[in-house]
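**Student:**
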Amino acid sequence: MEKRISGKLPNKEKLAVNDDMLRKHFTVIRIIWTAMLASLGIYLALCLLTGNTVRQPGPGEAPLDTLRRILIAVSAAELVFIDLFRRRTLKPRPGVSPATAIRKYAVTVLVSWSAADSIGIFGMVLYFLGDDAAYLYFLIAVSALAMFHYRPRYGTLKGLATAAAPREG
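Counting along the sequence shown from 1, when you hit position 163 you're at 163 in full-length UniProt numbering, and nothing is skipped either side.
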């Protein structure tokens, strides 16, 4: 029996999983991930191309050091949040429709990637406030590694949709 997710099928078949539909959703998710990963390169290029023309003279080492420590701590907290959030929300949940499982996966990965992307933005903020380029590189690298670690995986999406699909019996 072919499994489908479609609005034009009877309710029983509407809840089943269609591999083609999953691949279409996964392709969109992969495109978004690629764009967000590319944005980190854009942040880095923007900082390097503008050089010192946009950078502010630091307000002094003490306030910048405090801000740096705060943003690095927030970055670490975001990494912990991403992991806990994904573990909680990406559990297979029988009883929900496959469409709901797909939406939940999409929202979860977008929230995860946004949090990871913000770490790179913190590096850009520190750079424009006059901090060392080393912190820009470090935070962009951490952000890119998190984005790569939490990249979209078709197996996860399919597993969630399949676990949500009603069993024939």
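Where a beta carbon is used, it is the ideal one built from N, C-alpha and C, also for glycine. On a predicted model such as this, the values are computed, not experimentally measured, just so you know.
Please determine if the segment 109-117 and the segment 147-160 are in contact, where contact requires at least 3 C-beta pairs separated by less than 8 Å.
**Tutor:** The answer is yes - the segment 147-160 touches the segment 109-117, with three or more Cβ pairs under 8 Å.
**Student:** Given a cut-off of 9 Å, decide if L79 and A144 are closer than it, judged by their beta-carbon atoms.
**Tutor:** No, these two residues do not count as a Cβ contact at 9 Å.
**Student:** When you compare each of H25, G130, A101 and A133 to A161 by their alpha carbons, which one comes out closest?
**Tutor:** Among H25, G130, A101 and A133, the Cα nearest to that of A161 is on A101.
**Student:** So the alpha helix (DSSP H) S114 belongs to, where does it begin and stop?
**Tutor:** Where S114 is concerned, the enclosing alpha helix (DSSP H) stretches over P98 to F128.
**Student:** I'd like the list of long-range same chain contacts for L139, defined as Cβ closer than 7 Å, with 5 residues on each side in sequence excluded.
**Tutor:** For L139, where only same-chain residues beyond five positions count, the Cβ hits under 7 Å are S75, I119, G120, F122 and G123.
**Student:** How long is the line joining the alpha carbons of Y105 and L37, rounded to whole angstroms?
**Tutor:** Using only the alpha carbons, I get a separation of about 18 Å.
**Student:** Looking only at its chain, what residues have a beta carbon closer than 6 Å to the beta carbon of D19, apart from the 5 residues adjacent to it on each side?
**Tutor:** There are no such residues.
**Student:** Taking the alpha helix (DSSP H) that T156 falls in, what are its first and last residues?
**Tutor:** Its alpha helix (DSSP H) spans residues Y154 to A164.
**Student:** Between the Cα of Y127 and the Cα atoms of T89, K158 and G51, which residue gives the shortest distance?
**Tutor:** Nearest C-alpha to Y127: G51.
**Student:** Sorted by chain position, which residues of the same chain lie with C-beta nearer than 8 Å to L136's C-beta, five sequence neighbours on each side aside?
**Tutor:** Around L136: L44, C47, G123, M124, L126 and Y127.
**Student:** Alpha carbon to alpha carbon, how far is I82 from S112? Give it in angstroms, no decimals.
**Tutor:** Rounded to the nearest angstrom, the two C-alpha atoms are 5 Å apart.
**Student:** Assign I70 to buried or exposed, taking buried as 16 or more other Cβ atoms, counted over all protein chains shown, within 10 Å of its Cβ.
**Tutor:** Burial call: exposed.
**Student:** Measure how close the beta-carbons of L157 and F26 come, nearest whole angstrom, since I'm counting them as under 8 Å.
**Tutor:** Contact flag correct, Cβ pair sits at about 6 Å.
**Student:** For the alpha helix (DSSP H) holding T89, just list the boundary residues, first then last.
**Tutor:** That run of the alpha helix (DSSP H) goes E61 to T89.
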